[in-house]
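Worksheet: one structure, shown below.
4 protein chains.
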Amino acid sequence: MTISGLFAPIPVPFNKDESLALDKLETNLKRWLSQPLDGVVLPGSNSEAPYLSDDERLAVWQVCGQVFRDSGKIWLAGTGVERTPDTIRLTLKAAECGAAGTLVVPPHYYKKDMTHEVLLAHYRSLADASPIPVMIYNIPAFTGIDFELKTLIALAEHPNIIGMKDSSSNVLKMGQLLQARPDFIVFAGTGGALLPFLSIGAAGCISALSNVAAVPLKEIMNAFAACDLEKARRIQISIMEINFAVTGGYGVPGLKYAMDQTGFYGGPPRRPLLPVGEAARKHLDRLIADLKLA
Amino acid sequence: MTISGLFAPIPVPFNKDESLALDKLETNLKRWLSQPLDGVVLPGSNSEAPYLSDDERLAVWQVCGQVFRDSGKIWLAGTGVERTPDTIRLTLKAAECGAAGTLVVPPHYYKKDMTHEVLLAHYRSLADASPIPVMIYNIPAFTGIDFELKTLIALAEHPNIIGMKDSSSNVLKMGQLLQARPDFIVFAGTGGALLPFLSIGAAGCISALSNVAAVPLKEIMNAFAACDLEKARRIQISIMEINFAVTGGYGVPGLKYAMDQTGFYGGPPRRPLLPVGEAARKHLDRLIADLKLA
Amino acid sequence: MTISGLFAPIPVPFNKDESLALDKLETNLKRWLSQPLDGVVLPGSNSEAPYLSDDERLAVWQVCGQVFRDSGKIWLAGTGVERTPDTIRLTLKAAECGAAGTLVVPPHYYKKDMTHEVLLAHYRSLADASPIPVMIYNIPAFTGIDFELKTLIALAEHPNIIGMKDSSSNVLKMGQLLQARPDFIVFAGTGGALLPFLSIGAAGCISALSNVAAVPLKEIMNAFAACDLEKARRIQISIMEINFAVTGGYGVPGLKYAMDQTGFYGGPPRRPLLPVGEAARKHLDRLIADLKLA
Amino acid sequence: MTISGLFAPIPVPFNKDESLALDKLETNLKRWLSQPLDGVVLPGSNSEAPYLSDDERLAVWQVCGQVFRDSGKIWLAGTGVERTPDTIRLTLKAAECGAAGTLVVPPHYYKKDMTHEVLLAHYRSLADASPIPVMIYNIPAFTGIDFELKTLIALAEHPNIIGMKDSSSNVLKMGQLLQARPDFIVFAGTGGALLPFLSIGAAGCISALSNVAAVPLKEIMNAFAACDLEKARRIQISIMEINFAVTGGYGVPGLKYAMDQTGFYGGPPRRPLLPVGEAARKHLDRLIADLKLA
Chain P
1 MTISGLFAPI PVPFNKDESL ALDKLETNLK RWLSQPLDGV VLPGSNSEAP YLSDDERLAV
61 WQVCGQVFRD SGKIWLAGTG VERTPDTIRL TLKAAECGAA GTLVVPPHYY KKDMTHEVLL
121 AHYRSLADAS PIPVMIYNIP AFTGIDFELK TLIALAEHPN IIGMKDSSSN VLKMGQLLQA
181 RPDFIVFAGT GGALLPFLSI GAAGCISALS NVAAVPLKEI MNAFAACDLE KARRIQISIM
241 EINFAVTGGY GVPGLKYAMD QTGFYGGPPR RPLLPVGEAA RKHLDRLIAD LKLA
Chain B
1 MTISGLFAPI PVPFNKDESL ALDKLETNLK RWLSQPLDGV VLPGSNSEAP YLSDDERLAV
61 WQVCGQVFRD SGKIWLAGTG VERTPDTIRL TLKAAECGAA GTLVVPPHYY KKDMTHEVLL
121 AHYRSLADAS PIPVMIYNIP AFTGIDFELK TLIALAEHPN IIGMKDSSSN VLKMGQLLQA
181 RPDFIVFAGT GGALLPFLSI GAAGCISALS NVAAVPLKEI MNAFAACDLE KARRIQISIM
241 EINFAVTGGY GVPGLKYAMD QTGFYGGPPR RPLLPVGEAA RKHLDRLIAD LKLA
Chain D
1 MTISGLFAPI PVPFNKDESL ALDKLETNLK RWLSQPLDGV VLPGSNSEAP YLSDDERLAV
61 WQVCGQVFRD SGKIWLAGTG VERTPDTIRL TLKAAECGAA GTLVVPPHYY KKDMTHEVLL
121 AHYRSLADAS PIPVMIYNIP AFTGIDFELK TLIALAEHPN IIGMKDSSSN VLKMGQLLQA
181 RPDFIVFAGT GGALLPFLSI GAAGCISALS NVAAVPLKEI MNAFAACDLE KARRIQISIM
241 EINFAVTGGY GVPGLKYAMD QTGFYGGPPR RPLLPVGEAA RKHLDRLIAD LKLA
Chain V
1 MTISGLFAPI PVPFNKDESL ALDKLETNLK RWLSQPLDGV VLPGSNSEAP YLSDDERLAV
61 WQVCGQVFRD SGKIWLAGTG VERTPDTIRL TLKAAECGAA GTLVVPPHYY KKDMTHEVLL
121 AHYRSLADAS PIPVMIYNIP AFTGIDFELK TLIALAEHPN IIGMKDSSSN VLKMGQLLQA
181 RPDFIVFAGT GGALLPFLSI GAAGCISALS NVAAVPLKEI MNAFAACDLE KARRIQISIM
241 EINFAVTGGY GVPGLKYAMD QTGFYGGPPR RPLLPVGEAA RKHLDRLIAD LKLA
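Protein chains in written order, with the numbering used here: chain P, 1 to 294; chain B, 1 to 294; chain D, 1 to 294; chain V, 1 to 294.
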């Protein structure tokens, strides 16, 4: 199976008291199944992964596994935590629940100590033990770790490390990686970088925006596949502002608010994250209205 | 009770299979009690705190609480985790176990979202709920978050937020903070900054080096208190290289190796951290020998 | 006149004693005229601009003006220096010499003081005074200044500020800029970002690599224009390593060495820059050989 | 001759039309001679050095040389520019004008290329050629270059490289440097770091604040020398906010405004720098009033 296309890194819904809302998760997942998505990822940064206990992580996977069974679509787990054995343990659980692969954020507290050698050992131990394919998740804005090209090239040699998501939108590094490892699967980490990444051979994107606006992102992919570059460019440019707003701009709280406005259950973030304020809500309202008109 | 003096942010000992070695912890703690320390902190960055489960955190506190009871010395807990309610919950547990205060690293995964407002809300919620005094732990090298002066000044207004540890060794920011809040308790975050911090009114230091070399650090404090500036300077300068080696230089694995060479149980780090290599061991051997001669 | 296509930001040749080699410049320029370039830029970062006196800057423009007269191609000047009046003065000189536009690096010594307001005032003063169109040169790796989106949008309102070169290869920011100002002229700042930038509507690139390998870069542009995306992608990926080597990798000394191997006069850099060492030369030899075979 | 004590890195005065005001410079210099300063530095960052032509640099040195002759005080030149030969040439001129030493900012445009080897070669060439002692000026906030410890230790071996100014206020690095090279002369780069730097053996400070408030800074040095640590600390803490305001806070325009309020000629900065606004003026007015009361 090849992992490619458009994926939503879904938010995890919480009730007003911040408790896990598995019923809302199920409803949302069914709605996402009806969107032009190739799958979902959970939990990732947009899922408040660092705010979930291990039990909660398992619970959301079980719900996802049930909803996606026989759907023809796939889901990827987020299993990266600080310790190597914990990352392996969670990956085995995710595989049991039906994950098609895992997207693994690096350990990152001891940033300076996460050397080339340490990262190789960590990911290789995982890839050796994992029954499902491993993908690297590079998101320096959150981890403070930006994978070096040589580390990526070395990791790509492992038969069970098949690709990565680059949330740093580094077209230069990804281009060099694809020159060295043409078969490595590269995902854009944000909808704003989709077309540039496709142009150099990326397999798709895993982007916050696809939670609420899968249609235009899929249209970009389709137009690109059909060599309709002008259409692809036009749509790509039209979503830049909203794409920024629901990720870099207003973070998970912004994305959850946007979900509430587009037929999903968004709900509150967990503290310390706070809901978006008045100005952000107005800005998002305008952007969502523009999107619906388009 | 005032919290001041020399504190060791102790490593947590693991067996060869990476399991928690509570017996070794107890032995080490008793040895630290005999050193010229005013107390210990656990778990902090030197304790591989991000690699401990909640149960393990509780277990080390229980051991520490028993060993320190009636010792005349105090211990501070590290209770900062990603979620606000979890941080509060852990703080209540630490207080039950006998912690004299808590040193709280900020939530840091969503770095960009950890705004002035979010940090205020997080720490104030904690300080309101905590039965023990709260101290802020600023360590941008690991968290990617460097507290703004205005945030520190605002937090210092809370009666239960009494001080901080600044592992960024920022004498300018600490000086400004102490101008605005003369009674705030400031700790140097590394032994290399002890004398500069004392000179502007710091209460002491919480430093990796004090795990293995409390004597010279205490001598600096004593010489400073006695206005023997030349002696204080001479000792301070003499420990700069070893101080760097056991923290910034070789990280927790370096500190654990140094413990093994100085009568404590160091043992292995947990993966992904790897034990120090041959060159680092030789360097540390030489620095420790020099220290013993001095 | 529209400014678009493929531009070489040319190195300035020096004799062995580091004196300006205007004869070599003339020879090189004539050779570049025969390449599939739309023009050249001088002096930019690849020209050791910060190492040229004002008189030398004028001398190279005069040579360039003569060589390019009636050539059907254009050249852009680099006129950005630290002071606003000096930048204006140099721009007037460049225009006299025949420059079709100017690419202007921001003042950058007082980084913190180069606020939105200061940058607006600087560029607007220049654009008001300049008889030729002004383009912004964003190169944070050298200046430590990364233009904010809002600053770019505000500057783009000025009728004489027509475009920019983004050497940070930030497809997200450029996409947002093009959504806000669809007619702004955006150039990729390195050959490795050419195709991703074209995909979102860029006008071309100004890249070190085009000094020595204009052919493949022009082929990428042609294939893209002809909607032959597979060919464009294949060539783009094939040049990633050499593109990195002659810019980020080995800097101006690496580029000058590559010129010496490809029929141009490269010559030595000015000190403090030092010629590339043995390992770099071997690496570049291999990359150049591969390129010639392709 | 030993270089130590309190130095003012003086602003260069300009007339309203931004032309050099040598008469104002002379008046200011005479006033500084009456302050408890050991000397001045010009041009440095506070002198808008990057905004001076070579001729202007020479002109200010000539005035300074005349005013300081037979004054019993010394002045240090700032001679660091981008090219190695230019830096040497300017240093020879400064020596002719009577400079007691030179404080040399590193070349910094090609940040990535300013490797350990390149910096060694640059400073050693200069130190070999210079008739006056060379001091290193480390100011990463402006240059983007932060000298590595190993580079400083290697440069300190040269008999004509006698010291440095560290505007990064890095007490850890300076402590390590002084452990390795106890005779190296270290200056704090800001008044806010004076006492912490003195505590580890620094020779004094070269600080913006000493232009307008030499008295309290000298009192700190005197109290420290007399082992009156409580007085030293009290004064040090009392100047933290104004110290920040006239440097990091409001930059050269803030310092020039403060000079205008304290009996010197400050005058306008050169563009692109803009005079400070209303809020900054009010803030500075308050801080200056507090200082006079103290």
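Here a beta-carbon is modelled for each residue, glycine too, at the ideal position from N, C-alpha and C. The structure presented is a predicted model; accordingly, all values stated were derived computationally and were not measured.
For D70 (chain P) and L33 (chain P), the gap between their C-alpha atoms comes out near 11 Å.
In this structure, the alpha-carbon of K111 (chain B) lies about 15 Å from that of P269 (chain P). Among the CB atoms of chain B, none fall inside 7 Å of the CB of L103 (chain P). Annotation for A188 (chain D): no alpha helix (DSSP H) segment contains it, though the beta strand (DSSP E) segment containing it runs 185 to 188. Under the DSSP assignment, I220 (chain P) falls in the alpha helix (DSSP H) whose first and last residues are 214 to 225. The stretch 234 to 254 of chain P makes no contact with the stretch 85 to 103 of chain B: fewer than 3 CB pairs, one atom from each, lie closer than 8 Å. CA-CA distance, G5 (chain B) to N46 (chain V), rounds to 39 Å. In terms of Cβ geometry, I132 (chain B) and G98 (chain B) do not form a close pair [threshold 7 Å]. Contact residues of the stretch 61 to 84 of chain P toward chain B are E82, R83, T84 (C-beta to C-beta distance below 8 Å). Using a Cβ distance threshold of 7 Å, S207 (chain D) and T190 (chain D) count as a contacting pair. If one requires a minimum length of 4 residues, the alpha helix (DSSP H) runs lying completely within the stretch 248 to 284 of chain D are 251 to 260, in chain order.
K93 (chain D) and P43 (chain D) have their alpha carbons spaced roughly 13 Å apart. Minimum Cα-Cα distance from S238 (chain D) among the listed residues D:I74, D:G267, D:V215 corresponds to D:V215. In the DSSP assignment, L195 (chain B) falls within the unbroken alpha helix (DSSP H) covering 194 to 199.
At a cut-off of 7 Å between beta carbons, V171 (chain B) contacts chain V. In the DSSP assignment, T84 (chain D) falls within the unbroken alpha helix (DSSP H) covering 84 to 97. The beta-carbon of V215 (chain V) is placed no less than 7 Å from the nearest beta-carbon of chain D. Residues of chain P with a Cβ closer than 8 Å to the Cβ of G44 (chain B) do not exist; the shortest Cβ-Cβ separation is about 11 Å. DSSP lists B:L20 as the bridge partner or partners of F14 (chain B). Membership of G175 (chain D) in the alpha helix (DSSP H) is indicated by the continuous run 171 to 180. Among the residues of chain P, those whose CB is under 7 Å from the CB of A193 (chain D) are V171, L172, following chain order.
Under the 7 Å criterion on CB atoms, S4 (chain P) is classed as non-interfacial with respect to chain D. Using beta-carbon distances, P9 (chain P) does not count as an interface residue toward chain D, since no partner is under 7 Å. Neighbourhood of L178 (chain D) in chain P, by CB distance below 7 Å: I237, in chain order. Among the bridge pairs identified by DSSP, A141 (chain V) is matched with none. Looking at P:Q66, P:E117, P:V105, P:A121, the one whose alpha-carbon comes closest to that of P140 (chain P) is P:V105. Under the DSSP assignment, G65 (chain P) falls in the alpha helix (DSSP H) whose first and last residues are 54 to 68. In terms of Cα proximity to N211 (chain D), the closest of D:L76, D:L194, D:G39, D:D23 is D:G39. When only Cα atoms are considered, V118 (chain V) and G251 (chain V) end up about 30 Å apart. In the structure shown, the three-state DSSP call for P131 (chain D) is coil. For L229 (chain V), the uninterrupted alpha helix (DSSP H) segment begins and ends at 229 to 238. Within chain B, the residues G251, L273 have their CB atoms less than 7 Å from the CB of D113 (chain P), given in chain order. Closer than 7 Å to the CB of H116 (chain B) there is not a single CB belonging to chain P. In this structure, the straight-line span from the alpha carbon of H158 (chain B) to that of A280 (chain P) is close to 29 Å. One thing to note: G192 (chain V) has its Cβ within 7 Å of the Cβ of G175 (chain B).
Chain B has a Cβ within less than 7 Å of the Cβ of G175 (chain V).
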